[in-house]
Amino acid sequence: MEIQRREFLAAAGAGTLAGLAGCSGGSGSGDGGGDRPGVAGETLTLTTTTSTDDTGLLDELHPPFEGMYGVTVDAVAQGTGAALETARAGDSDVVMVHARSLEDEFMREGLGVNRRDLMFNDFVVVGPESDPAGIEGMSSATAAFAAIANASAPFVSRGDNSGTHTKELAIWAQSSAEPGGDWYRETGQGMGQVLNIASEQGGYTLSDRGTYLSQRGEVDLVILVQGPIEGGPDTLANPYGVMAVNPAVHDSVNYDLAMAYIGYLTSPQAQDVISNYEANGKQLFFPRALSEDPDFQQYVPEGWSSSEGR
Amino acid sequence: MMGPGLDTVLLGPLLVEFPFEATYVRSIISVSLYVSLIAVALSTLVSVPVAVLVGLSDFRGKGVLTSVINTGMGFPSVVVGLAVLFLVSNQGPLGALDLVFTKEAMVLSQFVLATPPVTAISLAAVTGVDRGVRDAAHALGGTRVDTALVVVKQARYGVATAVLAGFGRAISEVGSVLIVGGNIAGADGVSKTRTLTTAIQLEARQGRYGTAMVLGAVLVGLVLVVNAVVVRLGGRGVGG
Chain D
-7 MEIQRREFLA AAGAGTLAGL AGCSGGSGSG DGGGDRPGVA GETLTLTTTT
43 STDDTGLLDE LHPPFEGMYG VTVDAVAQGT GAALETARAG DSDVVMVHAR
93 SLEDEFMREG LGVNRRDLMF NDFVVVGPES DPAGIEGMSS ATAAFAAIAN
143 ASAPFVSRGD NSGTHTKELA IWAQSSAEPG GDWYRETGQG MGQVLNIASE
193 QGGYTLSDRG TYLSQRGEVD LVILVQGPIE GGPDTLANPY GVMAVNPAVH
243 DSVNYDLAMA YIGYLTSPQA QDVISNYEAN GKQLFFPRAL SEDPDFQQYV
293 PEGWSSSEGR
Chain G
381 MMGPGLDTVL LGPLLVEFPF EATYVRSIIS VSLYVSLIAV ALSTLVSVPV
431 AVLVGLSDFR GKGVLTSVIN TGMGFPSVVV GLAVLFLVSN QGPLGALDLV
481 FTKEAMVLSQ FVLATPPVTA ISLAAVTGVD RGVRDAAHAL GGTRVDTALV
531 VVKQARYGVA TAVLAGFGRA ISEVGSVLIV GGNIAGADGV SKTRTLTTAI
581 QLEARQGRYG TAMVLGAVLV GLVLVVNAVV VRLGGRGVGG
C-alpha cells in the first residue's frame, strides 16, 4: 500500500513537472524564440507525375527544403490524372502536375488554391527512323498526327489519363484526323514502357523530351517533330504547375507546409536547382516561376487572354 | 558504376552491374519484410483458430463457408488495394487515423490478401488429420482445447505451407501495396513505403528492364531464404 502511494505521488509530481514544462515551452514559442518554424517534424504529402520523379529531379529539389524546415516530403508518383484524384480525396497536401486543362478543372471545383507556374519542358513526336508516314521535320504537331493517321502507321498511346495522354488527345482534337482503328494502340502504360512498345512495333508516339532523352540509348526511335525548346511548335510545350489543396474543402491537409513548399519551389534557390539539373548532360526542365515581367497568364485558366484586359 | 566487381560476378547471368545503393536496397527489403511478415503473422493468428474451429466442428453451411474462404484466395489484389484505399482515405471510415500512404495501410491490405489462402490451406490440413487422432485425444480425457492443439500439431506441415503461401502472396504482390502505399522513397534514397515489387514496377515503367531483373532476383532470393528457414524449423520440430 505504502509503495503504491509513493508511486502515485511520484507520478503526480512527474505530471506537474511535465505540465510546467509545457507552460514554459508554450510561453517560449509565444515569444517567437523557437529557432524552427512550427511545422518542424511534419510530413508533406506530394502527389506528382511520373516524369518529375523518374528523372530524379525531386531527389535534388527536396533535401534543401527538408533541411530548411525540418520536415519530410513524401512524393507519390502517379501520373497527372491520378495525382489530382488523390488530392481530390484530400489524401495529399500539394500537387505538381503537367496538364493545364486538368489543373484548371481542379481549381474550378474549388479543390486547389494558389496555382503557380513552376517549370516547363516540351513534348516531341518520336518514331522509327524509316518514318513511313513521312512526318520528319514537320513544323506542326497536328499535321504530323494527321499524316500518321492517313498512313495508318502504328501509333502507341499512353491511354492512362496522364499529362502526356491529355496533351496527345488535345492534339488529335485539333487535327483533322480521328485516332482509332488498328493502327492506334492504347496501352495504359508509363512513358518508358510506351517508348519500348513503340520501338518494338515500329510505331510513333508522343513523349516528353526528358523521358525520351534518358531512354534514347535503349530504343530505336528518333525525334521527328521537335518541341518548342528546339524550335518546334508551341502546341508541344509542356508546362508544370504546382497547387496547394484547398484547406477549406479538406481541413485535414497540411496547408501551411504546402504553401511553404510552393514558396520554396518558386524561389530563386529551387529555380536554380531546376535549371542546373541535367540527365546525360542535357538540361531536362526550364524554370518558369521567376520573371521580372508581370505574368497574368499563370493566375487565369488556360485560354483566357490577359491581353484583352490590357 | 565502378566497373565489374564482385556483384557483377554474382549476377553474371543477368549481365548487369549491381545498379543500386546498398542503403536503398536494404531499406526496400526491410519495408518488404516488415509489411509481409507482420501481415502474415496477423493473418496466421486469425486464420489458424478459424481453420481449427471450422475444421473440427460440423454445422449447417460449413460447405458454403469453405467455398467462401476458397473464393477469397482469388481476390484480385488491385481490388483489395482499392477497397483498403477507400477505407483509409481521408474521406473513408478510417480517414481520421491518417493511414493512407503508410506501411500500416500496406499491412492492412496484405492482411486481407494473405488471410484467405492461410485459412483455406490450414483448413484443408486440419480437415485432413485422421479422425482417429481426435477421438484418441478425446478418449484420453482431453478438453476441446487439448484436442485442437493435438490436431494442429498433426497438421503442422499443412499449416506451415499455409503460412508460406500467405507470405508468398504478400511479398510478391504489387497492385495493392502500390495503391495504398504510394511507392514512396525519400530523397536520401531510403524507402518509406517502397517494396521490392513496387521498386521493380518503377524500374520497368522506365524501361530499365535490366535493373528490374536484378531486383526480381533479390526478391526470389528472399522468398527462397524465408522458405528455407520455415522448412528448417519444421524439420527440427520432427526431430524434437
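Each protein sequence line maps, in turn, to chains D and G. Quick note on the numbering used here: the first sequence kicks off at -7 and runs consecutively. Quick note on the numbering used here: the second sequence kicks off at 381 and runs consecutively. Even for Gly, the Cβ is constructed at its ideal location relative to N, Cα and C. Here the structure is a predicted model, which means the values were calculated and not measured.
Residue D:Arg107 holds the alpha-carbon nearest to the alpha-carbon of Arg280 of chain D among D:Asp46, D:Gly30, D:Thr37 and D:Arg107. By the neighbour-count criterion, in which 16 or more other beta carbons inside 10 Å mark a residue as buried, Phe288 of chain D falls on the exposed side. In the DSSP assignment, Asn450 of chain G falls within the unbroken alpha helix (DSSP H) covering Lys442 to Gly452.
Note: Ser571 of chain G is bridge-paired with G:Ala565 in the DSSP secondary-structure output.
Here Ile127 of chain D carries a coil assignment [DSSP, helix/strand/coil]. Interface residue (Cβ-Cβ distance to chain G less than 8 Å): His242 of chain D is classified as such. Taking C-beta atoms as the reference points, Ser556 of chain G and Gly461 of chain G count as a pair closer than 8 Å.
Residue pairing of Asn230 of chain D in beta bridges, as defined by DSSP: D:Asn113. Per the coordinates, the alpha-carbon of Val411 of chain G lies some 14 Å from the alpha-carbon of Ala402 of chain G. Contacts with chain D at 8 Å (Cβ-Cβ) do not include Lys483 of chain G.
Going by C-alpha positions, Pro456 of chain G is about 14 Å away from Leu558 of chain G. In this structure, the CA atom of Tyr204 of chain D is about 21 Å from the CA atom of Val265 of chain D.
Under DSSP, Gln275 of chain D shares a beta bridge with D:Glu270. Nothing from the region 147 to 172 of chain D brings a Cβ to less than 7 Å from some Cβ of chain G. Listed along chain G are Asn470 and Gln471, each with a C-beta nearer than 7 Å to that of Gly82 of chain D.
In this structure, the CA atom of Gln181 of chain D is about 6 Å from the CA atom of Arg150 of chain D. Listed along chain G are Ala567 and Asp568, each with a C-beta nearer than 8 Å to that of Pro55 of chain D. In the DSSP annotation of this structure, the continuous segment of the beta strand (DSSP E) that includes Phe147 of chain D starts and ends at Phe147 to Ser149. Selection D:Thr47, D:Gln193, D:Met130 and D:Glu170 evaluated against Pro225 of chain D yields D:Met130 as nearest (Cα-Cα). Nearest CB-CB separation between Ile580 of chain G and chain D: not below the 8 Å threshold. Taken in chain order, the complete beta strand (DSSP E) segments of 3 residues or longer contained in the region 182 to 221 of chain D are 197 to 200 and 214 to 217. Here Gly202 of chain D has Ser43, Thr47, Asn113, Ala271, Leu276 and Phe277 as same chain residues with Cβ atoms under 8 Å from its own Cβ, once five neighbours each way along the sequence are excluded. Three or more Cβ pairs closer than 8 Å define a contact, and the region 512 to 526 of chain G falls short of that threshold against the region 480 to 490 of chain G.
Residue environment for Phe439 of chain G: exposed (fewer than 16 other C-beta atoms within 10 angstroms of its C-beta).
The DSSP-derived three-state label of Glu160 of chain D is helix.
Excluding its 5 nearest sequence neighbours in each direction, Ala145 of chain D has C-beta neighbours in its own chain below 8 Å: Gly119, Pro124, Ala125, Trp175, Gly195 and Tyr196, listed in chain order. Not one beta carbon of chain D lies nearer than 8 Å to the beta carbon of Ala535 of chain G.
It is roughly 41 Å from the alpha-carbon of Val539 of chain G to the alpha-carbon of Ala81 of chain D.
Val480 of chain G belongs to the set of residues whose beta carbon lies under 8 Å from a beta carbon in chain D.
The beta carbon of Ala91 of chain D sits closer than 6 Å to those of Thr72, Gly155 and Thr158, all from its chain and outside the five residues before and after it, given in chain order. Relative to Ala262 of chain D, the option among D:Met235, D:Gly30, D:Thr41 and D:His54 whose CA is nearest is D:His54. Cβ neighbours of Val241 of chain D within its own chain (closer than 8 Å, five residues either side excluded): Gly82, Gly102 and Leu103. In chain order, Glu583 place their CB closer than 8 Å to the CB of Tyr589 of chain G, counting only its own chain and leaving out the 5 sequence neighbours on each side.
By the CB criterion at 8 Å, Ala69 of chain D and Asn563 of chain G fall inside the cutoff.
In this structure, Leu36 of chain D lies near Val65 of chain D, with their beta-carbon atoms less than 8 Å apart.
Ile564 of chain G belongs to the set of residues whose beta carbon lies under 8 Å from a beta carbon in chain D.
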